[in-house]
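J.: In our numbering, the protein residues as written are 49 to 648. One structure, as structure tokens, below. Some questions next.
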């Protein structure tokens, strides 16, 4: 059975294709169009999936879309009717778009696919899943578990914002939900907006900013903005929010609660903003833990699967692992809506096929079925060389041993390397195939990467990619974190003694403090977002880290995504070369080709 899954029209459009339960390919549309968070129909991603599977539409059993647009329209209408006559301006703006486009999504899907000239798609070929069920399928079916609690938390899908369910064999049951407008995702995005960052993009910035502050406003958030129950359910006090009926996330009453107007994007970040970020982060973590405890109580499961945008909050995930009631947790690496393209395909596969065991072959040996999330395009040596020659690049082609030696030597000299290898990652994290790498022991690396390579805010932290066998040597974690979705503390024996002046620093001045033997990956609260690397997950990346360890004694590299601010992660060799040339990177290793900046 071959199924093409699609997500589109809101943000993070994507396509995925599976054959007999095995994931063949998956990619986000933004990587091809170079338009960050591209919401358009995933023409390029769908074509890539069809090409990788080497199929046309007459060979595909089902085409599945990740949610039900009519239910979303129902929610939109009911919400406006509830608040009428408030919200008319937003209503007048939204309804024409829905009537002209989004209500006709089936036609848009059919037309988009038929334009690929890969056969004819008709209405009978299209199936529609439920938004949170697609998330749940993406979380459970590729996981290494045959029985697990499932928690989905995001902004909103149709009506649901938080869902608790259980996966057993082929079956997924969603048993409890919180409904719009009450949403943890919307709560976090409201504070993202209030802090002057872009919604559906700047949430990572709030999470990165939070450790610079104190949770001074956490009680105000709990008491004035929320009504929470012991069973993990919650309601938002909507008088402070504007997203249900307006064109913004928050209103003046919200700003009045904290005594400050919304920060404009160009305004400086103050201690107040850092304290706000810390406060909402702490509150959301606590709510997430409550939901997970309720999921455990309802299901009795030892394992937990997570997806939805809130599951990308790796600080909360770390707390679930350390403080939660589950023995094991597994988080879908493409937890946002892009991953639901894969989820809906897997849901159809497990619904339409016979038998009881999930059709995910990789799970038979206890591994997950995501293949390290390396599911995107890759390029041959000839294709790479053709692209480099067309760009006028100067390069050297080396063997693998020389590649690892030269790159490791460069990194050991505290230089920055663009690392482009194999299949592109699916999801927001670069996991060693589309990465920018640095030396974690360099005290200047964090600032260099933010200001001279990524061109982004100086406070943003960087993640360590660490050999799996060495993770407990550096961190208070002795388990797998292959998808960079778990935050854990740096071990105290790696902390450095701080002078009194350094201890007394506040705000962004704390950036300049060397607080561990691994300053480039140690956040101001002594935490790090960890990626564990094994030969099974990524042999080439593992071998590079091993080569670096031989030179430095450190089995770890700084790993950040191969892109600059406001651009998607690179997809093609030409994308990588352009990014390399537009930044102050020192070296680019693309396949077995090495490019040095002074030679260009």
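Each residue gets a CB set at the ideal place from its N, CA and C atoms; glycine is no exception. Please read these numbers as outputs of a predicted model, since none were measured by experiment.
Reducing DSSP to helix, strand and coil, say where residue 272 ends up.
T.: As a first step, residue 272 must be located in the chain shown, where it is residue number 224. DSSP places residue 272 in helix when its eight states are reduced to three.
J.: By the three-class DSSP mapping on this structure, what secondary structure does residue 493 have?
T.: Here residue 493 is taken as the residue at index 445 of the chain shown, counted from 1. It is helical.
J.: Quick check on the burial criterion: 16 or more other C-beta atoms within 10 angstroms. Buried or exposed for residue 115?
T.: Residue mapping note: residue 115 aligns to position 67 of the chain shown, counting from 1. Residue 115 is buried by the Cβ-count criterion.
J.: I believe residue 195 touches residue 349 by the beta-carbon criterion, under 8 Å. Please report the beta-carbon distance rounded to the nearest angstrom.
T.: Against the chain shown, residue 195 aligns to sequence position 147. Against the chain shown, residue 349 aligns to sequence position 301. Right, the Cβ-Cβ distance comes to about 6 Å (below 8 Å), so this counts as a contact.
J.: In three-state terms, what does DSSP make of residue 195?
T.: The sequence position of residue 195 within the chain shown is 147, counting from 1. Strand at residue 195.
J.: Measuring only between beta-carbons, confirm whether residue 632 sits less than 9 Å from chain C.
T.: No chain C is part of this structure, which consists of one protein chain only.
J.: Between residue 209 and residue 141, what straight-line distance do the alpha-carbon atoms span, to the nearest angstrom?
T.: Locating residue 209 in the chain shown gives position 161, counting from the first residue. Locating residue 141 in the chain shown gives position 93, counting from the first residue. Their Cα atoms are separated by approximately 23 Å.
J.: Can you name, in chain order, every residue of its own chain whose Cβ lies under 7 Å from the Cβ of residue 281, other than the five neighbours on each side?
T.: Position 233 of the chain shown, counted from the first residue, corresponds to residue 281. 226, listed in sequence order.
J.: Report back the beta-carbon spacing between residue 78 and residue 253 to the nearest angstrom; my notes put them in contact at under 8 Å.
T.: Within the chain shown, the letter at position 30 stands for residue 78. Within the chain shown, the letter at position 205 stands for residue 253. About 18 Å separates the two Cβ atoms, so there is no contact after all.
J.: Does DSSP classify residue 362 as helix, strand or coil?
T.: As a working mapping, residue 362 is identified with position 314 in the chain shown. Three-state result, residue 362: helix.
J.: Give the C-beta separation of residue 61 and residue 88 to the nearest angstrom, bearing in mind that I take them to be a contact with Cβ-Cβ under 8 Å.
T.: In the chain shown, the residue the question calls residue 61 occupies position 13. In the chain shown, the residue the question calls residue 88 occupies position 40. Confirmed, about 6 Å.
J.: What's the C-alpha gap between residue 152 and residue 257?
T.: Your numbering for residue 152 matches position 104 in the chain shown. Your numbering for residue 257 matches position 209 in the chain shown. Taking the straight line from one Cα to the other gives about 41 Å.
J.: How many Å lie between residue 544 and residue 360 at the Cα?
T.: In the chain shown, the residue the question calls residue 544 occupies position 496. In the chain shown, the residue the question calls residue 360 occupies position 312. About 30 Å.
J.: Quick one: what's residue 630 bridged to in DSSP?
T.: As a first step, residue 630 is located in the chain shown; it is residue number 582 there, counting from the start. Answer by DSSP bridge pairing: none, since residue 630 is not bridged.
J.: Hey, how far is the Cα of residue 171 from the Cα of residue 430?
T.: In the chain shown, counting from the first residue as 1, residue 171 sits at position 123. In the chain shown, counting from the first residue as 1, residue 430 sits at position 382. Using only the alpha carbons, I get a separation of about 41 Å.
J.: Give me the Cβ distance between residue 466 and residue 636, rounded to the nearest whole Å; I'm assuming they're in contact under 8 Å.
T.: In the chain shown, counting from the first residue as 1, residue 466 sits at position 418. In the chain shown, counting from the first residue as 1, residue 636 sits at position 588. Their Cβ separation, rounded to whole angstroms, is 4 Å, which keeps residue 466 and residue 636 in contact under 8 Å.
J.: What is the rounded straight-line gap between the Cα of residue 528 and the Cα of residue 237?
T.: Translated into the one-based positions of the chain shown, residue 528 becomes position 480. Translated into the one-based positions of the chain shown, residue 237 becomes position 189. Residue 528 and residue 237: Cα-Cα distance of roughly 29 Å.
J.: How long is the line joining the alpha carbons of residue 129 and residue 293, rounded to whole angstroms?
T.: By 1-based counting over the chain shown, the position of residue 129 is 81. By 1-based counting over the chain shown, the position of residue 293 is 245. Near 10 Å, if we compare the C-alpha coordinates of residue 293 and residue 129.
J.: Please return the same chain residues whose Cβ sits closer than 6 Å to the Cβ of residue 167, not counting the five positions on each side in sequence.
T.: Indexing the chain shown from 1 puts residue 167 at position 119. Cβ neighbours of residue 167 beyond the five flanking positions: 104, 105 and 106.
J.: Figure out for me which residue from 378, 436 and 434 has the closest Cα to the Cα of residue 415.
T.: Within the chain shown, numbered from 1, the residue matching residue 415 stands at position 367. Of the listed residues, the one whose Cα sits closest to residue 415 is 378.
J.: Just to confirm before moving on: does the CB-CB distance between residue 519 and residue 575 stay below 9 Å?
T.: Here residue 519 refers to the residue found at position 471 of the chain shown. Here residue 575 refers to the residue found at position 527 of the chain shown. Against a cut-off of 9 Å, the Cβ pair of residue 575 and residue 519 comes out as no contact.
J.: What's the C-alpha gap between residue 487 and residue 612?
T.: As a position in the chain shown, residue 487 is number 439, starting the count at 1. As a position in the chain shown, residue 612 is number 564, starting the count at 1. Taking the straight line joining both Cα atoms gives about 19 Å.
J.: Let me check understanding here. Comparing Cα to Cα, which of 112, 239, 263 and 206 lies closest to residue 154?
T.: Walking along the chain shown from the start, residue 154 turns up at place 106. Measuring from the Cα of residue 154, the nearest candidate turns out to be 112.
J.: Between the region 214-228 and the region 237-251, do at least 3 Cβ pairs fall closer than 8 Å?
T.: The answer is no - the region 237-251 does not touch the region 214-228, with fewer than three Cβ pairs under 8 Å.
J.: Please classify residue 532 as buried or exposed, where buried requires at least 16 neighbouring CB atoms within 10 angstroms.
T.: Position 484 of the chain shown holds residue 532. The residue is buried, with at least 16 neighbouring Cβ atoms inside 10 Å.
J.: What is the residue span of the beta strand (DSSP E) that residue 225 lies within?
T.: Within the chain shown, residue 225 is the residue found at index 177, counting from 1. Where residue 225 is concerned, the enclosing beta strand (DSSP E) stretches over 219-227.
J.: Are the CB atoms of residue 173 and residue 110 nearer to each other than 9 Å?
T.: On the chain shown, position 125 is the one that residue 173 refers to. On the chain shown, position 62 is the one that residue 110 refers to. Against a cut-off of 9 Å, the Cβ pair of residue 110 and residue 173 comes out as a contact.
J.: Output the boundary residues of the beta strand (DSSP E) element that contains residue 283.
T.: Here residue 283 refers to the residue found at position 235 when the chain shown is read from its first residue. Start and end: 282-284.
J.: Using a Cβ distance threshold of 8 Å, determine whether the region 425-439 contacts the region 566-582, with at least three qualifying pairs required.
T.: Taking 8 Å as the limit for Cβ pairs, the verdict is that the region 566-582 does not touch the region 425-439.
J.: Buried or exposed, going by whether 16 or more other CB atoms sit within 10 Å of the CB of residue 181?
T.: As a working note, residue 181 is residue 133 in the chain shown. Label assigned to residue 181: buried.
J.: Distance, Cα to Cα, residue 482 vs residue 251?
T.: In the chain shown, the residue the question calls residue 482 occupies position 434. In the chain shown, the residue the question calls residue 251 occupies position 203. Those two C-alpha atoms are separated by around 22 Å.
J.: Suppose contacts are defined by Cβ-Cβ distances below 9 Å. Is residue 355 in contact with residue 391 by that definition?
T.: For this step, residue 355 is matched to residue 307 along the chain shown. For this step, residue 391 is matched to residue 343 along the chain shown. For residue 355 and residue 391, yes; Cβs fall inside 9 Å.
J.: Under 8 Å by Cβ, that's how I've got residue 123 and residue 101 pegged, so tell me the actual separation to the nearest angstrom.
T.: As a first step, residue 123 is located in the chain shown; it is residue number 75 there, counting from the start. As a first step, residue 101 is located in the chain shown; it is residue number 53 there, counting from the start. Not confirmed; about 34 Å, so no contact.
J.: Could you round the C-beta distance between residue 343 and residue 474 to whole angstroms and report it? I think they count as a contact, below 8 Å.
T.: Your numbering for residue 343 matches position 295 in the chain shown. Your numbering for residue 474 matches position 426 in the chain shown. About 26 Å separates the two Cβ atoms, so there is no contact after all.
J.: On a CA-only basis, which of 648, 216 and 108 is nearest residue 64? Give me that one, please.
T.: Sequence index remark: in the chain shown, residue 64 carries index 16 (1-based). It is 108.
J.: Rounded to whole angstroms, what is the Cα-Cα separation between residue 76 and residue 386?
T.: As a position in the chain shown, residue 76 is number 28, starting the count at 1. As a position in the chain shown, residue 386 is number 338, starting the count at 1. Spanning the two alpha carbons is a distance of roughly 6 Å.
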